[in-house]
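So the structure is just underneath, and the comments pick up after that.
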Ligand SMILES: Nc1ncnc2c1ncn2[C@@H]1O[C@H](COP(=O)(O)OP(=O)(O)O)[C@@H](O)[C@H]1O
Ligand SMILES: [Mg+2]
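Structure (structure tokens):
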């Protein structure tokens, strides 16, 4: 369980990025949404200890993040940064994924086992000898996930995992996220892609100006006036509402609802 | 934050011709290189702080904040000189004098950048006979300092999330660890540079030999007065140093 209690964060320049956030998550897929500058990244960086609370508390499976280093917390909470290229520096994919486990001081056998497992989990088997920078956009994103996954964290944070990817690449990332969730990982996806929220999330947390403006099921989230928070309702939902079939998650559901209604 | 230093404040320094400010900065830097006695250099530093405060309308606190990143180098300079120079007290003296020079050098540069916008700065260099690319290169480089700083912090955070800890280990181990940050930083910078070069080329930078300018600068009476003042002050510094022999302590004697 990740527990955030009355979390405040004030940056060095005096900017109050978070003002009293309460938040909990377990083994679910949570979408963290909100306008640019609403505090999503700031909140997420508290969950693996990159930032420490100015006031309030963050606890991961009973560990207070103030009392543990990022390296210690990295075994519990994996953070996949927005731009995968910002972490690649090794000459091949195998060594890139091995970097994390190696920092944990594991044996060579254990490291190799973890690399193989992580590459399989993101569907990149056979890429061991490729140069990370030579991969495609979706492959890079999945490699970044593998790099963090190799630390064997229980929770995964993904910052804008599909931004800048084409439809097929983001589909491969979405598949990977679903698979990891079904294997018991708790996943927090930061995004402003409302289509992705609709397709993937079980729960939505909306930040606005450093405060939590909404926390609840996806359907309820999309029934709100999203414009007030600078967000757009997905095209699919507009169509389904116009067609009078209400809330649907994806195109097949819409088609089925329409076909069912016509019968 | 497009351009990290410049901010419009409508002061005397802001309104001067960039050529005067560039030459003034150059003469100021030359002046501090003439002296090595802290008894002269330290007051000089404060004089420039006051120039920034009253002629440039830049609060002293803000000027000092800009200099803060230099603190580690300043401290190292002050500590190392007495260690390698006998007698130690004189070493300390030189340490302080070099540190003060460094701070004054940076302060003068910042004053120029804060009070001159990018366009005028480039124009100033060009009108002083420098190639256009020179001014452009300088202002682009300055423009990217904060970007690179934010980028490197971001990369460090990404690697720390993979259990990377730079604090651990001796100097060599740490240096080796830095590759995990330097390589992504290098790649990202090269990418940015490449994109920038495309942007510049697609706007036909360097297509014509002779550039024309939409805006131009002209020296007014105030600018000439300021220029003469700078020259007179520099002349006085030369006289004080070589005529009167003030402000210089023999290092190798
Ligand atoms: N390192 C920092 N220093 C100062 N202010 C920051 C820093 N990082 C973010 N901020 C500010 O904090 C607020 C929240 O930022 P952030 O958490 O990045 O928002 P989001 O991820 O939702 O776009 C913004 O106003 C941003 O400008
Ligand atoms: Mg963000």
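Chains as they are written, first to last, in my numbering: chain H, 1 to 263; chain Z, 264 to 516.
Glycine included, every Cβ here is placed at the ideal spot set by N, Cα and C.
For residue 89 (chain H), the closest C-alpha among the options H:248, H:144 and H:219 is that of H:144.
Pairing residue 269 (chain Z) with residue 474 (chain Z), the inter-Cα distance amounts to about 25 Å.
The residues 165 and 169, in chain order, have a CB closer than 6 Å to that of residue 137 (chain H) in the same chain once the five nearest residues on each side in sequence are set aside. Between residue 55 (chain H) and the set H:8, H:171 and H:216, the nearest pair of CA atoms involves H:8. If you look at residue 305 (chain Z), you'll find it in the alpha helix (DSSP H) that goes 301-313. Considered as a whole, the segment 129-160 of chain H harbours 155-159 as its complete beta strand (DSSP E) runs of no fewer than 3 residues, in chain order. A Cβ of chain Z is located within less than 8 Å of the beta carbon of residue 71 (chain H). Flagged as an interface residue toward chain Z: residue 100 (chain H), by a C-beta distance shorter than 8 Å.
Counting only the Cα atoms, residue 158 (chain H) lies some 6 Å from residue 79 (chain H). Under the three-state reduction of DSSP output, residue 31 (chain H) falls in the strand class.
Proximity of chain Z to residue 50 (chain H) at the Cβ level (cut-off 8 Å) is accounted for by 420, 423 and 424, in chain order. When secondary structure is reduced to three states using DSSP, residue 497 (chain Z) falls in the helix class.
Considering only beta carbons, the part of the segment 128-159 of chain H lying closer than 8 Å to chain Z consists of 133, 147, 148 and 151, in chain order. When C-beta distances to chain H are compared with 9 Å, every residue of the segment 348-370 of chain Z stays at or above that value.
Proximity to ligand 1 was defined by a C-beta distance below 6 Å to any of its heavy atoms, and the residues meeting it, in sequence along the chain, are H:11, H:13, H:15, H:17, H:34, H:36, H:37, H:38, H:39, H:40, H:41 and H:42. Straight-line spacing of the CA atoms in residue 467 (chain Z) and residue 414 (chain Z) works out to 29 Å. Chain order gives the chain H residues near residue 417 (chain Z) as 81, 82, 83 and 86, where near means a beta carbon separation below 9 Å.
Against chain Z, the CB of residue 89 (chain H) has a partner CB under 8 Å away; the residue lies at that interface. Annotation: residue 177 (chain H) to residue 141 (chain H) spans about 11 Å, alpha carbon to alpha carbon. Among the residues of chain H, those whose CB is under 7 Å from the CB of residue 446 (chain Z) are 89, following chain order. Here residue 207 (chain H) really is in contact with residue 39 (chain H); their C-beta atoms are around 5 Å apart, less than 8 Å. Residue 227 (chain H) sits in a helix when the DSSP states are folded into three classes.
For residue 217 (chain H), the pairing in a beta bridge is given by DSSP as H:203.
If you draw a straight line from the Cα of residue 129 (chain H) to the Cα of residue 422 (chain Z), it comes to about 21 Å. Given a length threshold of 4 residues, each whole run of the alpha helix (DSSP H) inside the segment 395-460 of chain Z is given here in chain order: 395-423 and 434-440. Per DSSP, residue 466 (chain Z) lies in no beta strand (DSSP E) segment and is marked neither H nor E. Chain-order list of chain H residues neighbouring residue 436 (chain Z): empty, with the shortest C-beta distance near 12 Å, by a criterion of under 7 Å.
Using a Cβ distance threshold of 8 Å, residue 409 (chain Z) and residue 363 (chain Z) do not count as a contacting pair.
Near chain Z, meaning a CB-to-CB distance below 7 Å, the residues of the segment 94-122 of chain H are 99, 100, 103 and 104.
Counting C-beta pairs with one atom in each stretch, the segment 45-64 of chain H and the segment 200-216 of chain H have fewer than three that are closer than 8 Å, which means they do not touch.
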